[in-house]
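Note that our numbering has the sequence shown beginning at 14, numbered continuously upward.
Inspection log for the structure reproduced underneath, given as structure tokens.
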Amino acid sequence: MRAAISENGALTWVERPIPEPGPGQVRIRVHSSAANRADLVQVSGRYPPPKGATDILGLECSGTIDAVGPGVDRQVGQRVAALLVGGGYGESVLCPAAHLLDVPDHMSLEQAAALPEVWVTAWLNLVHEGGLAAGEHVLLHAGASGVGTAGIQLCRLHNAHAWVVVGSEDKLKRCRELGASGGVNRHEQDWLEHVAQWTDNQGLDLILDPVGADTVAKGITALGQRGRLVLIGLLSGREATIPLAQVLVKRLRIQGSVLRGRSDAEKTELLTHFRRDVWPHLMSGALQGVVDSVFPMNNVANAHDHLRTNNTIGKLVLSWA
14 MRAAISENGA
24 LTWVERPIPE
34 PGPGQVRIRV
44 HSSAANRADL
54 VQVSGRYPPP
64 KGATDILGLE
74 CSGTIDAVGP
84 GVDRQVGQRV
94 AALLVGGGYG
104 ESVLCPAAHL
114 LDVPDHMSLE
124 QAAALPEVWV
134 TAWLNLVHEG
144 GLAAGEHVLL
154 HAGASGVGTA
164 GIQLCRLHNA
174 HAWVVVGSED
184 KLKRCRELGA
194 SGGVNRHEQD
204 WLEHVAQWTD
214 NQGLDLILDP
224 VGADTVAKGI
234 TALGQRGRLV
244 LIGLLSGREA
254 TIPLAQVLVK
264 RLRIQGSVLR
274 GRSDAEKTEL
284 LTHFRRDVWP
294 HLMSGALQGV
304 VDSVFPMNNV
314 ANAHDHLRTN
324 NTIGKLVLSW
334 A
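In structure tokens, the structure reads:
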């Protein structure tokens, strides 16, 4: 089978044997995958896959089951999406059966491929780690990203108020359409100056931050009493100076969180709750995956270039079809 890997800091196509599923696994004939920023970092050589994981790129996919391993109660031909530790950029991929999400006939496999990574990430960090509750004031950095657009809708689902930091007026408009209460274009305004107005001088309850160095200190200042900051990325750098006195006095919680490096058992537990609490809303259309564009898998390099422009809204899907 054909597959895309990172080799010497570049995206490279290789031929690999079609894998055979072991106990508890299924093999998926991949129809579509999606591009994530983690893929860009892996291609650069700065984000190696976890120990024991495939070196094939791709953290999610959709397709059909074409083989099952021992102990798996699944049928060949079932349409599924999957959260992966890697392998989505291959024509076939192995996945624990417990990490599958059923895709109904009314949903295209391109649409389904845009869901697992960003929606599980948004739900994990806003709800599971962040403790999102009704009426809370939430700030989402990179609000027009895949995770951001999912996060806005999860806030709406939980009757919380979401504000976004984005890079253009078009992105801000789209975030409002999805349910954001408001936000700022970071190239034109300082978001910190608006927090008092957004929160009636109470401060934010929760911040979802994939940026890191440039935003963490401001986030601590923006949080109110018992506020939480969940750090999920380091796009602007790994080091920050933070106001510890505010952490202490306001009794803040700073939570670091990753998804890919969690154990299969932990992901199974997370997906059990996600499948119950979120997936039905995505299947009914009450929540929607936002797709910026669809690229042929053969043009994955162009998709990565487009993702690097920071001009996307939602996900970039990669299709073998």
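C-beta atoms are modelled at their ideal positions from N, C-alpha and C, and glycine is treated no differently.
Being a predicted model, the structure only gives us computed values, none of them experimental.
Consult DSSP for residue i and reduce its assignment to one of helix, strand or coil.
i, result
"lysine 328", "strand"
"histidine 171", "coil"
"threonine 67", "coil"
"valine 106", "strand"
"serine 19", "strand"
"aspartate 318", "helix"
"alanine 209", "helix"
"leucine 221", "strand"
"serine 355", "Residue 355 is absent from the model: the chain starts at 14 and stops at 334."
"glycine 195", "strand"
"glutamate 28", "strand"
"serine 158", "strand"
"valine 85", "coil"
"glycine 164", "helix"
"glycine 250", "strand"
Which residue comes first and which comes last in the beta strand (DSSP E) that contains residue i?
i, result
"leucine 236", "236-244"
"aspartate 290", "Segment 277-290 is the alpha helix (DSSP H) holding aspartate 290; no beta strand (DSSP E) there."
"histidine 44", "38-48"
"valine 151", "150-154"
"valine 307", "304-309"
"arginine 92", "92-96"
"arginine 266", "266-269"
"threonine 77", "73-81"
"aspartate 115", "113-115"
Of the choices the options, whose alpha-carbon is the least far from that of residue i?
i, options, result
"arginine 42", "Tyr102, Leu272, Gly192 and Gly269", "Tyr102"
"histidine 200", "Gly161, Ser181 and Gly76", "Ser181"
"serine 297", "Leu248, His119, Pro61 and Ala16", "His119"
"arginine 275", "Pro63, Ala51, Ser45 and Trp26", "Pro63"
"glycine 148", "Gln215, Thr77, Trp204 and Leu283", "Gln215"
"leucine 139", "Leu114, Pro117, Arg169 and Ala111", "Arg169"
"glycine 123", "Val56, Thr134, Ser46 and Gly143", "Reading the sequence as shown, one finds glutamate at residue 123 and not glycine. Among Val56, Thr134, Ser46 and Gly143, the Cα nearest to that of glutamate 123 is on Ser46."
"glycine 99", "Thr67, Asp86 and Val89", "Thr67"
"histidine 174", "Thr212, Asp203, Asn198 and Glu142", "Thr212"
"isoleucine 78", "Ala110, Asn49 and Asp277", "Ala110"
"leucine 331", "Arg29, Pro30, Ser158 and Asn49", "Asn49"
"leucine 167", "Gln301, Ala258 and Leu24", "Gln301"
"aspartate 222", "Arg251, Pro293 and Tyr60", "Arg251"
"glutamine 202", "Val179, Val151, Gly22 and Ser249", "Val179"
"leucine 283", "His141, Asn172, Gly159 and Ser306", "His141"
"aspartate 227", "Arg29, Thr254, Ser121 and Gly237", "Thr254"
"valine 229", "Leu257, Gly90 and Glu279", "Leu257"
"alanine 80", "Leu72, Gly71, Cys74 and Gly90", "Gly90"
"leucine 191", "Ile69, Gly164 and Lys280", "Gly164"
"aspartate 277", "Gly65, Leu24 and Glu28", "Gly65"
"glutamine 238", "His150, Ser158, Asp305 and Phe308", "His150"
"isoleucine 245", "Ser270, Val291 and Val260", "Ser270"
"glycine 159", "Val304, Asn311 and Ala334", "Val304"
Along the alpha helix (DSSP H) that carries residue i, what are the first and last residues, could you check?
i, result
"tryptophan 333", "Element bounds for tryptophan 333: n/a, residue is neither H nor E."
"aspartate 203", "It is not in any alpha helix (DSSP H) - aspartate 203 carries neither H nor E in the DSSP assignment."
"glutamine 259", "257-262"
"glutamate 123", "122-126"
"valine 133", "129-136"
With a threshold of 7 Å, establish whether the CB of residue i neighbours any heavy atom of the ligand ATP.
i, result
"proline 129", "You won't find the ligand ATP in this model; it holds no ligand whatsoever."
Take residue i and list the residues in its own chain whose beta-carbon comes closer than 7 Å to its own, dropping the five residues that flank it on each side.
i, result
"proline 32", "Arg40, Ser105 and Leu107"
"leucine 272", "Val133, Thr134 and Leu137"
"valine 208", "Gly216, Leu217 and Ala235"
Cutting at 6 Å between CB atoms, please list the residues of its own chain near residue i, excluding the five before and the five after it.
i, result
"valine 177", "Leu153, Gly156, Cys188, Ala193 and Gly196"
"glycine 6", "As displayed, the chain neither begins before 14 nor continues past 334, which places residue 6 out of reach and without an answer."
"leucine 113", "Val93 and Ala95"
"proline 117", "Met296"
Leaving aside the five residues before and after residue i along the sequence, list all residues of the same chain whose C-beta is less than 8 Å from its C-beta, in chain order.
i, result
"tyrosine 60", "Ala51 and Val54"
**Prompt:** So does the stretch 121-135 actually touch the stretch 92-100, counting three or more Cβ pairs closer than 8 Å?
**Reply:** With the cut-off at 8 Å, the stretch 121-135 and the stretch 92-100 touch.
**Message:** So, does the stretch 311-318 touch the stretch 171-191, judging by three or more C-beta pairs under 8 Å?
**Reply:** Inter-segment contact for the stretch 311-318 and the stretch 171-191 is absent: fewer than three beta-carbon pairs are separated by less than 8 Å.
**Prompt:** Taking three-plus beta-carbon pairs below 8 Å as touching, is the stretch 322-329 in contact with the stretch 27-42?
**Reply:** By the C-beta criterion, the stretch 322-329 is judged not to be in contact with the stretch 27-42, since fewer than 3 inter-stretch pairs fall below 8 Å.
**Request:** Report yes or no: do three or more beta-carbon pairs, one from the stretch 248-267 and one from the stretch 78-88, lie closer than 8 Å?
**Result:** In short, these stretches do not touch, since the Cβ pair count stays below three.
**Asked** Does the count of Cβ pairs from the stretch 16-25 and the stretch 51-60 closer than 8 Å reach three?
**Response** With a cut-off of 8 Å, the stretch 51-60 and the stretch 16-25 count as touching, because enough Cβ pairs lie within range.
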